[in-house]
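Peer 1: Below is one structure. I have some questions about it.
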Amino acid sequence: MASLTRRRLLALPVAGAGAAALHATIPHTHPWDGQATAAGAHDGHQGDPGATGDHASFRDGRTVDHRANGFDPHAILRDFDWGTTRRLPGGRVVREWELHALDKEIEVAPGVRFAAWTYDGRIPGPTLRCREGERLRITFVNGSEHAHTIHFHGIHPAEQDGVPGLGAGAIPPGGRTVYEFDALPAGLHLYHCHVRPLAEHIAKGLYGAFIVDPADGREDADELVMVMNGFDTNFDRANEMYAANTIPFAYMHHPIAVKRSDLVRVYLVNVLEYDLINSFHLHGNLFNYFPTGTGKTPSEFTDTVMLCQGQRGILEWRFAHPGKFMFHAHQSEFTELGWQGFFEVS
Ligand SMILES: [Cu+2]
Numbered sequence: 092m093a094s095l096t097r098r099r100l101l102a103l104p105v106a107g108a109g110a111a112a113l114h115a116t117i118p119h120t121h122p123w124d125g126q127a128t129a130a131g132a133h134d135g136h137q138g139d140p141g142a143t144g145d146h147a148s149f150r151d152g153r154t155v156d157h158r159a160n161g162f163d164p165h166a167i168l169r170d171f172d173w174g175t176t177r178r179l180p181g182g183r184v185v186r187e188w189e190l191h192a193l194d195k196e197i198e199v200a201p202g203v204r205f206a207a208w209t210y211d212g213r214i215p216g217p218t219l220r221c222r223e224g225e226r227l228r229i230t231f232v233n234g235s236e237h238a239h240t241i242h243f244h245g246i247h248p249a250e251q252d253g254v255p256g257l258g259a260g261a262i263p264p265g266g267r268t269v270y271e272f273d274a275l276p277a278g279l280h281l282y283h284c285h286v287r288p289l290a291e292h293i294a295k296g297l298y299g300a301f302i303v304d305p306a307d308g309r310e311d312a313d314e315l316v317m318v319m320n321g322f323d324t325n326f327d328r329a330n331e332m333y334a335a336n337t338i339p340f341a342y343m344h345h346p347i348a349v350k351r352s353d354l355v356r357v358y359l360v361n362v363l364e365y366d367l368i369n370s371f372h373l374h375g376n377l378f379n380y381f382p383t384g385t386g387k388t389p390s391e392f393t394d395t396v397m398l399c400q401g402q403r404g405i406l407e408w409r410f411a412h413p414g415k416f417m418f419h420a421h422q423s424e425f426t427e428l429g430w431q432g433f434f435e436v437s
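This note's numbering numbers the first residue of the sequence shown as 92 and each following residue consecutively.
Structure, rendered in structure tokens:
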């Protein structure tokens, strides 16, 4: 596999020109191997996603300091930010948020610190949630040392699009602006910075999910947000780790508890930079898939979906059986590098 070979060349956290040729002959270690011994070296990433083997990665149970990071991927799953609301004289709801761009060092894997750019100090940023037809006002305060924007997916005027050269354009450090538009259409969307170089501004962590509930709502469910992402920790424009909601293996160490009697609804967003596609695969069950969440008729009843960057969709299912069921990217390389987890069904 070409990408595997390339990654083997580049995945070592070693800087310096001319080193790449040497890397090919050195046993590959993950950046998060840290102080692990040479026993952690291995030949590649292929294999059973559920197997631990003799691979000295942090799949052995080590994890990051969620408290120091200021966010926990388990909390992010069910953390919906409804902002604050007020009513206009005509009765229409105005929903408001204030988002801050903040430069912040985040431990993305045990001992691996990443100089991230964040919305509100977390990756992904807050999951903004509203109802179809409301008026939305998002105040953006740039507390970063770099210029940024918030570009929302959805329907809105050009000057509210959060791209350089239109409307408020790129917001300089210390600057602020207000994005204002109607919540349209109902569905699952996302937001991210749109300042060039775009890949860097996204890969550094400036993105989040944006949910517009249909005016007539959705069926009650246990709702979960999964933003599929990855991190390039050695600045070679390739990811060294993959995850849903930032921290690799988080849901392997602590499975997501769900009830067999509940409808499970996953809001799945792919923001992964540098790789052309990402995917989600569920074990032991199939789900209804609603692309972009804009329709109420599923496009597919399946156990695997593939998404390019910016693509998203809603997954719904009920577990047929109790027990532990894996979910993971169905690119084995991504799986091995962190994008895998368990549901624990009771
Ligand atoms: Cu930016």
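Backbone N, C-alpha and C define an ideal beta-carbon position, used for all residues, glycine too.
Can you tell me whether DSSP reads Asn320 as helix, strand or coil?
Peer 2: Looking at Asn320 - three-state DSSP - the assignment turns out to be strand.
Peer 1: Mind checking which residues open and close the beta strand (DSSP E) that includes Leu227?
Peer 2: Segment 226-233, the beta strand (DSSP E) holding Leu227.
Peer 1: Does any heavy atom of ligand 1 sit closer than 8 Å to the C-beta of Ala277?
Peer 2: No, since every heavy atom of ligand 1 falls outside the 8 Å radius drawn around the Cβ of Ala277.
Peer 1: Relative to the alpha-carbon of Gly224, which residue among Gln400, Gly278, Thr337, Met343 has its alpha-carbon at the smallest distance?
Peer 2: If we check each option's Cα against that of Gly224, Gly278 comes out closest.
Peer 1: Which complete beta strand (DSSP E) runs does the stretch 299-353 hold, if anything under 3 residues is left out?
Peer 2: Fully enclosed beta strand (DSSP E) runs of 3 or longer: 313-322, 332-335, 347-349.
Peer 1: Under a Cβ-count criterion, where at least 16 other Cβ atoms within 10 Å of its own Cβ denotes burial, should Ile302 be classed as buried or exposed?
Peer 2: Buried is the call here.
Peer 1: When you compare only the Cα positions, how much space is there between Val286 and Asp252?
Peer 2: Cα-Cα distance, rounded: 12 Å.
Peer 1: Leaving aside the five residues before and after Glu391 along the sequence, list all residues of the same chain whose C-beta is less than 8 Å from its C-beta, in chain order.
Peer 2: Result list for Glu391: Asn379, Tyr380, in chain order.
Peer 1: Fully enclosed by the stretch 157-228, which alpha helix (DSSP H) runs are 4 residues long or longer?
Peer 2: List check, alpha helix (DSSP H) in window: 157-160, 164-168.
Peer 1: Indicate whether at least one CB of chain C lies closer than 9 Å to the CB of Phe231.
Peer 2: Among the protein chains of the structure shown there is no chain C, as only one such chain exists.
Peer 1: At what residues does the beta strand (DSSP E) containing Phe272 begin and finish?
Peer 2: Phe272 -> beta strand (DSSP E) spans 267-273.
Peer 1: What does DSSP give as the partner residues of Thr154 in its beta bridges?
Peer 2: Thr154 pairs with nothing; no bridge assigned.
Peer 1: Span of the beta strand (DSSP E) holding Thr388?
Peer 2: Element bounds for Thr388: n/a, residue is neither H nor E.
Peer 1: Do the stretch 338-351 and the stretch 267-275 make contact, defined as three or more Cβ pairs closer than 8 Å?
Peer 2: Short answer: they don't touch.
Peer 1: Looking only at its chain, what residues have a beta carbon closer than 6 Å to the beta carbon of Leu113, apart from the 5 residues adjacent to it on each side?
Peer 2: For Leu113, the predicted structure reports a pLDDT of 33, less than 50, and the residue's modelled location is therefore unreliable. A value from the coordinates is still provided. Closer than 6 Å at the Cβ level, and outside the excluded window around Leu113, lies no residue.
Peer 1: Closer than 8 Å is the cut-off here; do at least three beta carbon pairs connect the stretch 328-345 with the stretch 415-432?
Peer 2: Enough Cβ pairs lie closer than 8 Å, so yes.
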